[in-house]
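Undergrad: Dropping a structure here in C-alpha cells format, bear with me for questions.
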Amino acid sequence: MHRLILGLDRLTVPTQWLSVQAAVKYYATSMVIQDLGASFLAVRGGISRRTGRRSVIRACSIIMIDGVDCSAMHPGAPVLTNRRLFVRDRFLCAYCGRRCAEAELTRDHVHPVSRGGKNTWMNCVACCARCNQRKGNRRPEEVAMQLMFAPYVPDRNESLILSNRGIFVDQMDFLSARLPGGSRLRENAVRLQTRFGAPGRTRAGS
0 MHRLILGLDR LTVPTQWLSV QAAVKYYATS MVIQDLGASF LAVRGGISRR
50 TGRRSVIRAC SIIMIDGVDC SAMHPGAPVL TNRRLFVRDR FLCAYCGRRC
100 AEAELTRDHV HPVSRGGKNT WMNCVACCAR CNQRKGNRRP EEVAMQLMFA
150 PYVPDRNESL ILSNRGIFVD QMDFLSARLP GGSRLRENAV RLQTRFGAPG
200 RTRAGS
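Residues in the sequence shown are numbered consecutively from 0, following numbering that gives the first Met the number 0.
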C-alpha cells in the first residue's frame with residue numbers, strides 16, 4: 000500500500016498528505032524543522048563515488064515543515080465520495096442503524112436530487128440498500144423514516160483521515176486528538192485503523 004507522510008506547518012497544524020518523494024525533498028532542502036512521528040520510511044538513493052555507499056534518508060511519518068500554510072487557517076470541505084461518506088457515518092445506515100460492509104451501503108440524498116436536493120455533505124448519509132429502496136424518491140418524513148444521526152461537514156483533520164486509506168497509527172493518533180468533540184470519527188478511530196490496514200508503530204524499511 001502506498002504510504003503518505005503527514006505534513007504540519009510551524010504551528011503544528013496538519014496541512015496535507017505528502018508523497019515520500021515530496022517529503023525527501025523537504026529533508027534535502029533542510030525545510031523539515033522536526034520529526035514528530037513514531038514511524039519511519041527508509042528511502043534509498045544513489046551510491047556515493049567517494050564512499051561506495053548508498054545514501055539513505057529516513058522520512059518520518061509526521062514532519063513539521065518550515066513556513067506557514069495559510070490554507071490551514073481557512074479549511075475547505077473535503078470532496079464528497081462514497082467511501083468518505085461511509086467512514087464519516089461509521090459504516091452505519093442512517094435510517095435503521097445497521098452496520099454494513101462498504102459494498103452494502105449506498106449514498107442517500109435526504110432531500111432527493113430530483114426534487115431540488117443538493118449533492119453535499121449536509122444532504123447525504125450512508126444508507127443500506129433496503130432502506131434506500133423503501134425511501135425511494137421521497138423525503139424521510141413522507142415514508143415515516145427518521146435519521147438516527149445528522150449529517151455534517153467534516154473539518155480539516157477529519158478530511159485528512161477520510162482521504163488516506165493507509166494511515167499509520169501515530170498519524171491517526173495525532174489527527175484524532177485534534178478532532179472536534181462531536182466528530183463521529185473520534186469514536187471510530189480504532190476501527191478505521193483496522194479497516195484501512197494502518198500499520199503499527201514499527202519503523203518500516205529499517
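Backbone N, C-alpha and C fix where the C-beta goes; we use that ideal spot for every residue, glycine too.
Here the structure is a predicted model, which is why all the values come from computation and not from measurement.
Measuring only the C-alpha atoms, how far is glutamine 170 from glutamate 141?
TA: Their Cα atoms are separated by approximately 43 angstroms.
Undergrad: Enumerate in chain order the residues of its own chain whose CB-to-CB distance from phenylalanine 195 is below 6 angstroms, with the five nearest sequence positions on each side excluded.
TA: With a pLDDT of 43 at phenylalanine 195, under the threshold of 50, the predicted position of this residue should be treated as unreliable, though the coordinate-derived value follows. The answer, listed in chain order, is Arg164.
Undergrad: Taking the alpha carbon of aspartate 154 as the point to measure from, which residue in Arg89, Thr80, Leu184 has its own alpha carbon closest?
TA: Leu184
Undergrad: Who are the Cβ neighbours of glutamine 145 in its own chain at under 8 angstroms, not counting the five residues just before and after it?
TA: Annotation for glutamine 145: Tyr94, Pro139 place their beta carbon closer than 8 angstroms to its own, counting only its chain and skipping 5 residues before and after.
Undergrad: Going by DSSP in three states, alanine 197 sits in which element: helix, strand or coil?
TA: Note that alanine 197 has pLDDT 41, beneath the 50 cutoff, so the model's placement of it is unreliable and no number is given.
Undergrad: Less than 7 angstroms between the CB of isoleucine 160 and some heavy atom of the ligand FAD, yes or no?
TA: The ligand FAD is not among the ligands present in this structure, which contains no ligands whatsoever.
Undergrad: Hey, how far is the Cα of arginine 57 from the Cα of asparagine 156?
TA: Taken atom to atom, the span from the alpha-carbon of arginine 57 to that of asparagine 156 is near 25 angstroms.
Undergrad: DSSP three-state call for arginine 83: helix, strand or coil?
TA: helix
Undergrad: Could you name the residues of the same chain whose beta carbon sits closer than 8 angstroms to that of cysteine 126, not counting the 5 residues immediately before and after it, in chain order?
TA: The residues are Cys92, Ala93, Tyr94, Leu104, Thr105, Arg106, Asp107, Lys134.
Undergrad: Determine the closest residue to asparagine 118 out of Tyr151, Arg97, Ala143, with distance taken between C-alpha atoms.
TA: Tyr151
Undergrad: Could you tell me if isoleucine 61 is buried or exposed, where buried requires 16 or more neighbouring beta carbons within 10 angstroms of its beta carbon?
TA: buried
Undergrad: At which residues does the beta strand (DSSP E) containing isoleucine 160 begin and terminate?
TA: The continuous stretches of beta strand (DSSP E) do not include isoleucine 160, which lies in the alpha helix (DSSP H) extending over residues 155-161.
Undergrad: Could you check where the alpha helix (DSSP H) with leucine 91 kicks off and where it finishes?
TA: Segment: none, leucine 91 is in no alpha helix (DSSP H) and carries neither H nor E.
Undergrad: For alanine 76, which of Val168, Phe173, Ile160 has the nearest alpha-carbon?
TA: Checked all of Val168, Phe173, Ile160; the closest Cα to alanine 76 is Ile160.
Undergrad: Counting only the same chain and skipping the five closest in sequence on each side, list residues whose C-beta sits under 6 angstroms from that of asparagine 81.
TA: Arg106
Undergrad: Is the distance from the Cβ of alanine 22 to the Cβ of isoleucine 4 below 8 angstroms?
TA: It is a contact, given that the beta carbons lie within the stated cut-off.
Undergrad: How many Å lie between histidine 110 and arginine 137 at the Cα?
TA: 7 angstroms
Undergrad: Assign threonine 50 to buried or exposed, taking buried as 16 or more other Cβ atoms, counted over all protein chains shown, within 10 Å of its Cβ.
TA: exposed
Undergrad: Considering only the alpha carbon of each residue, which of Phe167, Thr14, Met30 lies closest to aspartate 65?
TA: Met30
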